[in-house]
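Student:
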Amino acid sequence: MIIKHSKPSIDSSDVEAVDNVLASGNLSQGVKVKEFEKKLVGYIGVKHGVAVSSGTAALHLALISLDVGVGDEVIIPSYVCASPFIATRYTGATPKIVDINPHDFNINIESVKANLTKKTKAIIVPHMFRTPAEIDELLNIDVPILENCALSLGAEYKKRKVGSFGRAAIYSFYATKMITTGEGGMVITDDDDVYQKLSETRQYDESSLDILRYNYKMTDFQAALGLSQMNKLSNFISRRTEIAKIYDEIYSDLEVSLPETHENRTPVYFRYIILLKNLEDIQYRMKKKGIMCEKPVFEPLHKSIPSLNLINTDYVYDHALSIPIYPSLTEQEIAYIIKTSKTFLSKS
Ligand SMILES: *Cc1c(COP(=O)(O)O)cnc(C)c1O
Numbered sequence: 008m009i010i011k012h013s014k015p016s017i018d019s020s021d022v023e024a025v026d027n028v029l030a031s032g033n034l035s036q037g038v039k040v041k042e043f044e045k046k047l048v049g050y051i052g053v054k055h056g057v058a059v060s061s062g063t064a065a066l067h068l069a070l071i072s073l074d075v076g077v078g079d080e081v082i083i084p085s086y087v088c089a090s091p092f093i094a095t096r097y098t099g100a101t102p103k104i105v106d107i108n109p110h111d112f113n114i115n116i117e118s119v120k121a122n123l124t125k126k127t128k129a130i131i132v133p134h135m136f137r138t139p140a141e142i143d144e145l146l147n148i149d150v151p152i153l154e155n156c157a158l159s160l161g162a163e164y165k166k167r168k169v170g171s172f173g174r175a176a177i178y179s180f181y182a183t184k185m186i187t188t189g190e191g192g193m194v195i196t197d198d199d200d201v202y203q204k205l206s207e208t209r210q211y212d213e214s215s216l217d218i219l220r221y222n223y224k225m226t227d228f229q230a231a232l233g234l235s236q237m238n239k240l241s242n243f244i245s246r247r248t249e250i251a252k253i254y255d256e257i258y259s260d261l262e263v264s265l266p267e268t269h270e271n272r273t274p275v276y277f278r279y280i281i282l283l284k285n286l287e288d289i290q291y292r293m294k295k296k297g298i299m300c301e302k303p304v305f306e307p308l309h310k311s312i313p314s315l316n317l318i319n320t321d322y323v324y325d326h327a328l329s330i331p332i333y334p335s336l337t338e339q340e341i342a343y344i345i346k347t348s349k350t351f352l353s354k355s
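Take 8 as the starting number for the sequence shown in my numbering and just add one per residue.
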């Protein structure tokens, strides 16, 4: 048996939705994109959505729309993929890399405060694999928050969807995210000025050369897939939650530690992370048994900045392993993952 680390959930209704658009002949950005934007912002509870070609494009446009540019600084936690870092570099601004909390993997407030300067123009806040970030504390800082919800579509903070707190928020619909359009992303915001700038810069056609514009549009057949996936999102989340509950029960009896949970922060279980001492060894042994466990972040951002020493990020990078969790995981696969984990991780 080979159990992939992550996998999209695509069924015949998704195929039909895409087919219909392909058959219609209207392939590029059109009515389906508008509909997808409306559906997502309606779900989150904000006013505006601008669909784009990727989560990275969404970050880039969002930063531009927050007036981030050359000479500015953007605060980013180290324990995240390269995308927020490179999107910041696209604008000419300088990324300021800060530490995380060791037990929920979210951006560390003290580390943020220690890195604020007069040049700080935005803070990118990813809600990490399980628990959303401490939003109230972040909103108390007098710098715009850009929520990164690429891993947390549907997660809640105090019963309100994440993505509705920051000046703007971004999503990714890459193949293995909470919902997918193959590649794709969206920026959402309640701010009319930010929305205006997003709309102006997403595309270059039928406009003047007065500002830099991009071609970051989403196609209508991708949006049709996104709409079809949105119909299943609540099922996706409840299935992930079911599996996580089963895992919680098993792993809490094994030789690992589990991330902190917080009252009033409702996860969507994009990843199931365990922390363990002999990470490489266990990862290797699980893979030999056909279970593809991965380090959830390829390489922390501060590793490429020799002067930076971020102990919490280093700790998590050295101990965190991601166990397969996704809606299409079968009962048989779950049972096999549990059985194999017990063999390698039982307390002696
Ligand atoms: C996936 C992801 C991105 C980038 O999204 P793409 O669609 O791959 O460009 C950015 N930030 C986080 C936290 C992500 O998980």
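By construction, the Cβ of each residue, glycine as well, lies at the ideal position given by its N, Cα and C atoms.
Between the Cα of residue 86 and the Cα atoms of 196, 50, 21, 307, which residue gives the shortest distance?
Tutor: 307
Student: Unbroken beta strand (DSSP E) runs of length 3 or more, entirely within the region 211-286: which are they?
Tutor: 279-282
Student: What does a CB cutoff of less than 8 Å around residue 96 pick up in its chain, not counting 5 residues either side in sequence?
Tutor: 102
Student: Could you compute how far the alpha carbon of residue 162 sits from the alpha carbon of residue 122?
Tutor: 28 Å
Student: Taking the alpha carbon of residue 66 as the point to measure from, which residue in 78, 98, 23, 77 has its own alpha carbon closest?
Tutor: 98
Student: Is the beta carbon of residue 322 less than 8 Å from the beta carbon of residue 15?
Tutor: no
Student: Give the single residue among 57, 26, 328, 21 whose Cα lies nearest to the Cα of residue 360.
Tutor: The requested residue 360 does not occur in the structure, where the chain is confined to residues 8 to 355.
Student: Is residue 187 helix, strand or coil when you go by DSSP?
Tutor: coil
Student: Going by C-alpha to C-alpha distance, which of 231, 194, 137, 159 sits closest to residue 53?
Tutor: 194
Student: Just checking, does the region 263-272 make contact with the region 56-70 on the three C-beta pairs under 8 Å criterion?
Tutor: By the Cβ rule, the region 263-272 does not count as touching the region 56-70, because fewer than three pairs are nearer than 8 Å.
Student: Let's see if you can read the secondary structure: which residues bound the alpha helix (DSSP H) around residue 349?
Tutor: 338-352
Student: For residue 305, does the count of other Cβ atoms within 10 angstroms reach 16, so buried, or fall short, so exposed?
Tutor: It counts as exposed.
Student: Using a Cβ-based criterion (distance less than 7 Å to any ligand heavy atom), does residue 63 qualify as near ligand 1?
Tutor: yes
Student: Does any heavy atom of ligand 1 sit closer than 7 Å to the C-beta of residue 157?
Tutor: yes
Student: Rounded to the nearest angstrom, how far is the Cβ of residue 200 from that of residue 126, given a contact under 8 Å?
Tutor: Residue 200 to residue 126, Cβ: 21 Å. No contact.
Student: Would you say residue 192 touches ligand 2, meaning its beta carbon is less than 7 Å from a heavy atom?
Tutor: Ligand 2 is not among the ligands present in this structure, which contains only ligand 1.
Student: Beta carbon of residue 2, beta carbon of residue 332: below 8 Å?
Tutor: Residue 2 lies beyond the range of the chain shown here (8 to 355); nothing can be said about it.
Student: What does a CB cutoff of less than 8 Å around residue 240 pick up in its chain, not counting 5 residues either side in sequence?
Tutor: 50, 160, 161, 185, 186
Student: Which runs of the alpha helix (DSSP H) at least 4 residues long sit entirely within the region 142-186? Give them in chain order.
Tutor: 142-146
Student: Under 7 Å: does the beta carbon of residue 322 sit that close to some heavy atom of ligand 1?
Tutor: no
Student: So is the beta-carbon of residue 97 under 7 Å away from any non-hydrogen atom of ligand 1?
Tutor: no
Student: Can you tell me which residues form a DSSP beta bridge with residue 98?
Tutor: Per DSSP, none; premise fails for residue 98.
Student: Assess contact between the region 133-140 and the region 148-156, defined as three or more Cβ pairs (one per stretch) separated by less than 8 Å. Is contact present?
Tutor: yes
Student: Using the C-alpha atoms, what's the distance from residue 73 back to residue 129?
Tutor: 8 Å
Student: Let me confirm a value: residue 313 is counted as buried when at least 16 other C-beta atoms fall within 10 Å, else exposed. Which label applies?
Tutor: exposed
Student: Taking the alpha-carbon positions, what's the residue 317 to residue 37 distance?
Tutor: Separation of residue 317 and residue 37 (C-alpha to C-alpha, rounded to the nearest whole angstrom) is 45 Å.
Student: Does residue 9 pass the burial test, meaning 16 or more other C-beta atoms within 10 Å, or should it be called exposed?
Tutor: Around the beta carbon of residue 9, fewer than 16 other beta carbons lie within 10 angstroms, which makes this residue exposed.
Student: Buried or exposed for residue 254, going by 16 or more other Cβ atoms inside 10 Å?
Tutor: Here residue 254 is buried, its C-beta having at least 16 other C-beta atoms within 10 Å.
Student: Under 7 Å: does the beta carbon of residue 184 sit that close to some heavy atom of ligand 1?
Tutor: yes
Student: From residue 263 to residue 301, what does the alpha carbon distance come to, in whole angstroms?
Tutor: 16 Å
Student: Could you check the C-alpha separation between residue 337 and residue 17 for me, to the nearest Å?
Tutor: 15 Å
Student: Does any heavy atom of ligand 1 sit closer than 7 Å to the C-beta of residue 90?
Tutor: yes
Student: What number of angstroms, rounded off, separates the C-alpha of residue 62 from the C-alpha of residue 223?
Tutor: The straight-line gap from Cα to Cα measures roughly 10 Å.
Student: I need the DSSP call for residue 22, collapsed to helix, strand or coil.
Tutor: Residue 22: helix per DSSP, three-state reduction.
Student: CB residue 105 to CB residue 148, shorter than 8 Å?
Tutor: Annotated as distal: residue 105 and residue 148, with beta-carbon spacing of 8 Å or more.
Student: According to DSSP, simplified to helix, strand and coil, what is residue 121?
Tutor: Residue state, collapsed to three classes: helix.
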